[in-house]
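Going from the sequence shown to my numbering is simple: count from 1 and add 33.
These notes concern the structure reproduced below.
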Amino acid sequence: MSELRIAVLDDWQGVAQGVVDWTALAQVGQVEFLHQYPAGVDTLAERLAPYAVICVMRERTSFNAELLRRLPRLKLIVTGGMRNAAIDLAAAEAQGITVCGGDSYRHATPELTWALLMALNRNLVQEALSLRSGGWQVGLGGDLHGKTLGLLGLGNIGGTLAGYAKAFGMQVIAWSQNLTPERAAAAGARLVDKQALFEQADILSVHLVLSERTQHLVDAQALAWMKRGALLVNTSRGPIVNEQALLAALESGRLGGAALDVFDQEPLGLDHPFRRLPNVLATPHIGYVSENNYRAFFSAMIEDILAWHAGQPIRLLGPRPGSA
C-alpha cells in the first residue's frame with residue numbers, strides 16, 4: 034500500500050498535535066492537521082479529496098451520503114468514542130469505507146454536568162461577574178441538600194450523577210423508557226413515571242442518547258409539569274429538549290434557569306438568545322473536552338489506523354438495524 038494521507042479534523046482548539054505522540058503513524062502515512070471549522074459539502078469535498086484516512090472528533094463535521102460519495106480516495110474514518118451520529122454509517126458501508134471508534138474517559142461529562150449544576154444553582158457566574166466589575170453580592174444561591182435531582186436517563190453518565198447527588202444529600206429520582214425499578218435502585222435512584230419526574234424534580238438533568246424516540250422528549254408539556262423556578266441541565270444532545278419550548282419557559286420565568294452544553298445547531302449562532310438570557314448558563318459543548326478524554330480519543334484513533342493498515346481493523350462501527 035502506498036503512503037497514506039491522513040487528515041485530523043475538528044481540532045478547534047489546536048491541541049490535537051500535542052496531546053498524544055502521532056509518530057507511530059509515520060510508518061503508514063503522512064498525518065496532517067486541518068484546523069478549518071466545518072463547512073458545506075462542496076468545500077469539504079474539495080478539502081478532503083486527497084485523504085484516504087480521516088480522523089474526526091465526535092459530531093463536529095457531518096459525513097453524509099453526498100459527501101462520502103464525493104471522496105473516492107477515502108477508505109477509513111476513525112472517530113472519538115463509539116458513537117457518532119454525524120457519520121452516515123450505511124452510506125459508508127456502501128462506499129466500502131471502514132468506520133472505527135475508540136475509547137473514552139468516562140468521567141469528563143459527569144464532572145462537567147455537576148460543575149454546571151452547581152454553578153447555576155449558586156448563581157456563580159453573576160456573582161463572579163459582579164465582583165469583577167467592582168460590585169459585590171447580587172442574589173441568593175440555591176441549596177442542594179434535601180432537594181430532588183431528577184435524572185432523565187440513568188446510563189453510565191446518569192448513574193454517576195446519582196452518586197454525586199447522594200454525596201450532597203439529595204434525593205434522586207429517574208425515568209427513561211426502558212428503566213426498571215431494580216436498575217434504578219442499583220444506581221441509588223428511585224424509578225418514577227415521566228410526569229412525576231418533571232413534577233418532583235428541583236433540578237432535572239438530561240442523560241439520554243438522541244434518537245427518533247428521544248428527540249423533543251422534553252417538550253412544552255414536560256416543561257409545564259416542572260415546578261416554578263426549577264432548573265434544567267442538558268449536557269446530552271440539544272434536540273432532546275424542544276428549543277422553542279425551553280426558550281419560552283426561560284423567558285417567561287416559568288423555569289428558574291438552564292445550564293446547557295449542547296444545542297440544536299453547533300456552533301451556537303452569534304445572535305442566539307441562549308447567549309444573552311440572564312437565567313442561562315451556556316458552555317460550548319465541552320462535556321467531552323478534557324485532557325484525559327482527548328488522550329483516550331486520539332490514542333484510540335492511532336490504534337485504529339495501525340490495526341486497519343495491518344488488515345485487522347478493531348472497534349468497528351456499522352449501521353444500526355433499519356438505518357439503511
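Positions of the beta carbon are idealized from the N, C-alpha and C atoms, including for glycine.
Note that this is a predicted model, so its numbers are computed, not measured.
Where the alpha helix (DSSP H) containing residue i begins and where it ends
i    : result
L173 : First-last for L173: undefined, no H or E at that position.
G51  : 49-52
I347 : Premise fails: I347 is in no alpha helix (DSSP H) and is neither H nor E.
I338 : 324-342
E6   : Since the displayed the chain opens at 34 and closes at 357, residue 6 lies outside it and no answer follows.
V74  : 74-81
Contact set for residue i: own chain, Cβ-Cβ below 7 angstroms, skip 5 residues either direction
i    : result
E99  : V74
F66  : V41, D44, A49, Q50
N326 : S137, Y138, A141
E126 : G351, P352
Identity of the residue in the options nearest residue i by Cα
i    : options                : result
A123 : R102, I335, S244, H140 : R102
W45  : V61, G62, R93, Q60     : R93
I190 : G351, V239, P83, D297  : V239
L310 : P317, A118, L58, A281  : A281
G47  : T56, P352, Q69         : Q69
Q233 : H249, Q204, R246       : Q204
V322 : N312, E284, L279, T268 : T268
G179 : A198, Q159, N312       : A198
M259 : G286, S166, R165       : G286
V52  : E324, W341, R246       : E324
Residue j beta carbon less than 8 angstroms from that of residue i
i    : j    : result
V86  : I39  : yes
V274 : V251 : yes
A263 : L288 : yes
I206 : G186 : no
V266 : L145 : no
A161 : A195 : no
C133 : P306 : no
L37  : G62  : yes
T181 : D121 : no
E276 : D297 : yes
S95  : A59  : no
Three-state secondary structure (DSSP) of residue i
i    : result
T193 : helix
T268 : coil
T56  : helix
F66  : strand
A123 : helix
T142 : helix
A282 : helix
R85  : Checking the sequence, you will find Ala at residue 85 rather than Arg. Residue state, collapsed to three classes: coil.
R223 : strand
L293 : strand
P354 : Summary for P354: the model assigns pLDDT 47, below 50, so the residue's position carries little reliability; its value from the coordinates is reported in the next sentence. It is coil, neither helix nor strand.
L100 : helix
Cβ-based neighbour list, residue i, same chain, cut-off 8 angstroms, excluding 5 preceding and 5 following
i    : result
G135 : V111, T112, G113, G114, M115, A329, F330, S332, A333, M334, E336, D337, R348
L153 : L264, V266, G290, A291, A292, L314
T193 : R139, H140, P143
Cβ-based neighbour list, residue i, same chain, cut-off 6 angstroms, excluding 5 preceding and 5 following
i    : result
N156 : G172, G174
H249 : N275
Endpoints, beta strand (DSSP E) assigned at residue i
i    : result
T131 : 131-133
L185 : 181-185
W208 : 204-208
L37  : 37-41
L237 : 236-239
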